[in-house]
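Novice: Numbering (my numbering), first residue to last: 1020 to 1358.
Submitted below is the structure of interest, expressed as structure tokens.
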């Protein structure tokens, strides 16, 4: 739930009371097409250590009352996470479809916090789409500054849709987003440093066990370009790339080696294997024998996942931080490599 859990978005409380308010909040909802084991909705606030488990019915519905200290809470359903603002006296309902949790998430209900929840979700989605755009990392300083300005104008337009949300809250959101934009500039510089350091150099080697137990070495794959996906089963953004990755494999599978290198911990090997088989993942599926401490991963200075690495047919690095499978320019990038 990268988009909805964007840590940069911090929203303060809405001040106001009703006559004889209820001393509890109601949180309910329905999630369709849940395809993982799930019998509860877990609600928690890391700052106050508040936790509550709500029964999740077989049809995906749930409902319960919660006595809360007003603020933002995280809810977990299966492997997915979301955020909800809860205030005693309010009734908040969410609906979504599990396979498209972020995109289909909708807030409804009654109470002062419902507008704040809706604004929070819209800003989080807008920010998620903006920060997930790999093309930003390719922009010049001037282009990036213009992209930031356009993004903040879009945020201001969202604020206009929710006049009832306190201006001070909107100000805190804007401040947090500005801090994230500073971090984005740092990321752009970091990527430029990676390009200068690695492009054209021989790729670091690996020899790792594949899903069928055989050892696979990067040197075995010479003769075709290699597109390496460094990922993990617990990584939501990694899993979000799977459909696009499958499309690339189907289109370029005879011309490019697709390698998925999992950095799941060794004690979760069975879970990794089951996930690969259940999702029908193709290409070369290998797993690090020591998680993040894998030599290939460390040599390429991987700090976060998913991370994609593009290597030419001779074993040299084309891009140490290549476009994601869902990036608009990925096919253009691959086509240039196989000409």
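For every residue, glycine included, the Cβ atom is placed at its ideal position computed from N, Cα and C.
For residue 1306, which beta-bridge partners are listed by DSSP?
Specialist: 1281
Novice: Between residue 1302 and residue 1279, which are expected to be in contact by the criterion C-beta below 8 Å, what is the C-beta distance as a whole number of angstroms?
Specialist: With 8 Å as the limit, residue 1302 and residue 1279 qualify as a contact, their Cβ atoms being about 6 Å apart.
Novice: What is the DSSP secondary structure of residue 1064, reduced to helix, strand or coil?
Specialist: Residue state, collapsed to three classes: strand.
Novice: Is the segment 1057-1074 close to the segment 1131-1146, with three or more CB pairs under 8 Å?
Specialist: no
Novice: Consult DSSP for residue 1326 and reduce its assignment to one of helix, strand or coil.
Specialist: strand
Novice: Check for me: the alpha helix (DSSP H) holding residue 1188 runs from which residue to which?
Specialist: 1186-1217
Novice: From the DSSP output, in three-state form, read off residue 1055 for me.
Specialist: coil
Novice: Quick check for students: name the residue ranges of the alpha helix (DSSP H) that lie wholly in the segment 1110-1158, counting only runs of 4 or more.
Specialist: Counting only runs of 4 or more residues that sit fully inside the segment 1110-1158, the alpha helix (DSSP H) segments are 1120-1123, 1132-1150, in chain order.
Novice: Find the nearest neighbour of residue 1115 within the set 1101, 1106, 1241, judged by alpha-carbon distance.
Specialist: 1101
Novice: Whole-angstrom Cβ separation of residue 1241 and residue 1333, contact assumed at under 8 Å?
Specialist: Your pair residue 1241 and residue 1333 checks out as a contact, with CB atoms roughly 7 Å apart and the cut at 8 Å.
Novice: In the structure shown, what three-state DSSP assignment does residue 1348 receive?
Specialist: coil
Novice: Using a Cβ-Cβ distance cut-off of 7 Å, determine whether residue 1288 contacts chain C.
Specialist: The displayed structure is made up of one protein chain only, and chain C is not part of it.
Novice: Mark residue 1224 as exposed unless 16 or more other C-beta atoms lie within 10 angstroms of its C-beta, in which case mark it buried.
Specialist: Looking at its Cβ environment, which holds fewer than 16 other Cβ atoms inside 10 Å, residue 1224 is exposed.
Novice: So for residue 1073, helix, strand or coil by DSSP?
Specialist: strand
Novice: Could you pull the DSSP bridge partners for residue 1099 from this structure?
Specialist: 1096
Novice: Can you give me the start and stop residues for the beta strand (DSSP E) that residue 1175 sits inside?
Specialist: Segment 1160-1180 is the alpha helix (DSSP H) holding residue 1175; no beta strand (DSSP E) there.
Novice: Return the residue from the list 1306, 1337, 1083 that minimises the CA-CA distance to residue 1285.
Specialist: 1306
Novice: Kindly indicate which residue of 1329, 1097, 1043 has the alpha-carbon position closest to the one of residue 1087.
Specialist: 1043
Novice: In its own chain, which residues sit with a C-beta less than 7 Å from the C-beta of residue 1071, not counting the 5 before and 5 after it?
Specialist: Result list for residue 1071: 1062, 1085, in chain order.
Novice: Starting from residue 1319, follow the beta strand (DSSP E) in both directions and report where the run begins and ends.
Specialist: Segment: none, residue 1319 is in no beta strand (DSSP E) and carries neither H nor E.
Novice: Expressed to the nearest angstrom, what Euclidean distance is found between the alpha-carbon atoms of residue 1360 and residue 1220?
Specialist: A question about residue 1360 goes unanswered here, because the residues of the chain that appear run from 1020 up to 1358.
Novice: Please classify residue 1251 as buried or exposed, where buried requires at least 16 neighbouring CB atoms within 10 angstroms.
Specialist: buried
Novice: With a threshold of 16 other CB atoms inside 10 Å of the CB of residue 1034, please say whether the residue is buried or exposed.
Specialist: Because residue 1034 sits at a pLDDT of 34, beneath the cut-off of 50, its placement in the model cannot be relied upon, and the point is left open.
Novice: Would you call the CB atoms of residue 1058 and residue 1073 closer than 7 Å?
Specialist: no
Novice: Just to confirm, is the Cβ distance from residue 1080 to residue 1112 under 7 Å?
Specialist: no
Novice: For residue 1287, which residues in the same chain have their Cβ closer than 8 Å to its Cβ, ignoring the five residues on either side in sequence?
Specialist: 1252
Novice: Based on DSSP bridge pairs, tell me the residues matched to residue 1295.
Specialist: Beta-bridge pairing links residue 1295 to no other residue.
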